[in-house]
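Chains as they are written, first to last, in this note's numbering: chain F, 7 to 162; chain S, -11 to 239. The beta-carbon is built from N, C-alpha and C at its ideal position, and this holds for glycine as well. Each remark here refers to the structure printed beneath this line.
Shown next, in the form of structure tokens:
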């Protein structure tokens, strides 16, 4: 009988662990790493936000990782990291890839692209001589076209 | 009268041997380096790549010697070195490296571009290439537009690592340019035909900084190398081929 109860307890623990992310509390160390709120919030939030076609084990992994790291790190570091990671070439390519579609943009969208060209220019001016020459010309052609399209809009 | 005078001058200018039509002599720094000027053949390159790729993505200026290409830039993979780097391939063949300085026969390598004398190889290559192309009576005798539309040439428009991935261009509508007071037929300008080779930035706003109909331009200006004359009469078919633009028949 005691063995049966023990087996049921183990089965319950495994079930909770698999479906709701609750750890198997086998020792003090693992119990200490788990936030007190994790079990309470996990079942309520994770299934609601997971996509409908998420794999069956998705809810089990979400609570274990998200609460521990996301609130503390994302807001503080994300914007700065994003700024530094968007290098000049990525920005250049993003702006100038739009020239072929430029006739379909609104004047405001075009002006925003021109502003981005102007903001990018000082960054390209810091490159070495040959690269600077090539990319300043390319940026200028791109900017000039955008301005041309703004000025060609009906009513201008 | 003005038109005829302009056309006569243009005609005199455009009587080049077919293989030499569109040839550009580049001589910014060659003499200082003890080399002959670079002889650049447009036909070799336009058979393989679009105008846009070289004049927008790689950054070659439209005017002769305005780019001021250096060997150092080529070695860094810019300008000629964007393709001529000894790694990039065309049709399965490696494109020779420009200004590499690593070849045992250095002079021979340099002379592929810095050509001190008329190249008989180029002449032979041109004849062999032209034989397979749709013919035309002017320029270098090749109807490039028909060559492209019939699939005999498939100019590459994107160079990996250099070009920006862009959506396919939505060509603007064709339009009519009236030939006011000249008695000639109007020009029907095809945006579609031009956009295939040039994209938008080659022409706007550097060559055509104008709103449709806002500026009048003359054959004299074209002959001087402005507007259409930036390409036509130099690389694209010459302006003496009147009926290609003035399609109505009245010249």
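For residue 141/F, the three-state secondary structure derived from DSSP is helix. Listed along chain F are 105, 106, 108, 109, 151, 154 and 155, each with a C-beta nearer than 9 Å to that of residue 188/S. Interface residue (Cβ-Cβ distance to chain F less than 9 Å): residue 76/S is not classified as such. Counting along the chain, the unbroken beta strand (DSSP E) around residue 163/S starts and ends at 163 to 165. If you ignore the 5 residues before and after residue 68/S, its C-beta comes within less than 6 Å of the C-beta of 62 and 86, all in its own chain and listed in chain order. The C-beta separation of residue 10/S from residue 186/S comes to about 15 Å, leaving the pair out of contact by the 8 Å criterion. Close to chain S, meaning a Cβ-Cβ distance shorter than 9 Å, are the following residues of the segment 128 to 140 of chain F: 134, 135, 136, 137, 139 and 140. Counting C-beta pairs with one atom in each stretch, the segment 151 to 170 of chain S and the segment 212 to 222 of chain S have fewer than three that are closer than 8 Å, which means they do not touch.
If you draw a straight line from the Cα of residue 145/S to the Cα of residue 170/S, it comes to about 38 Å. Apart from sequence neighbours up to five positions away, no residue of its chain approaches residue 206/S with a beta-carbon distance below 6 Å. By the criterion of a C-beta distance shorter than 8 Å, residue 126/F is surrounded in its chain by 94, 97, 98, 101 and 145, once the five residues flanking it on both sides are discounted.
Under the 9 Å criterion on CB atoms, residue 143/F is classed as interfacial with respect to chain S. Secondary structure note for residue 181/S: its alpha helix (DSSP H) is the uninterrupted segment 179 to 186. DSSP places residue 130/F inside the alpha helix (DSSP H), whose first and last residues are 113 to 130. Between residue 150/S and residue 59/S, the C-beta gap is not smaller than 9 Å, which leaves the two residues out of contact. By the neighbour-count definition (other C-beta atoms within 10 Å, threshold 16), residue 163/S is an exposed residue. Ranked by how close their Cα comes to the Cα of residue 233/S, the residues 214/S, 198/S, 180/S and 174/S have 174/S in first place. Taking the beta carbon of residue 123/F as reference, no residue of chain S falls within 9 Å; the closest one sits roughly 13 Å away.
Three or more beta-carbon pairs drawn from the segment 187 to 200 of chain S and the segment 140 to 158 of chain F are found closer than 8 Å, and the two stretches are therefore classed as touching. Residue 238/S sits away from residue 204/S, with the two beta carbons spaced by 9 Å or more. Across the structure, residue 33/S and residue 116/S are spaced so that their CA atoms are roughly 15 Å apart.
Proximity of the segment 7 to 24 of chain S to the segment 47 to 54 of chain S meets the contact definition, three or more beta-carbon pairs being nearer than 8 Å. Cβ-Cβ separation between residue 114/S and residue 31/S: approximately 6 Å, consistent with a contact (criterion under 8 Å). Counting only runs of at least 4 residues, the segment 22 to 69 of chain S fully encloses the following alpha helix (DSSP H) elements, listed from N- to C-terminal order: 30 to 34 and 59 to 63.
In terms of Cα proximity to residue 133/S, the closest of 178/S, 103/S, 65/S and 230/S is 178/S. Against chain F, a Cβ distance below 7 Å from residue 220/S picks out nothing, because the smallest value is about 21 Å. In this structure, the beta-carbon distance from residue 152/S to residue 103/F falls below 9 Å. In the three-state reduction of the DSSP assignment, residue 96/S falls in the helix class, which pools H, G and I. Counting along the chain, the unbroken beta strand (DSSP E) around residue 11/S starts and ends at 11 to 14. At least 9 Å separates the beta-carbon of residue 101/S from that of residue 184/S.
Taking 9 Å as the upper bound on Cβ-Cβ separation, chain F lies near residues 152, 153, 154, 155, 156, 157, 158 and 160 of the segment 149 to 161 of chain S. With respect to chain S, the C-beta atom of residue 115/F has no partner C-beta closer than 9 Å. Excluding residues up to 5 positions away in sequence, 73 lie with their Cβ nearer than 7 Å to the Cβ of residue 65/S in the same chain. Collapsing the DSSP output to three states places residue 140/S in coil. Per DSSP, reduced to three states, the secondary structure at residue 136/F is helical. DSSP, read as helix, strand or coil, puts residue 175/S in strand.
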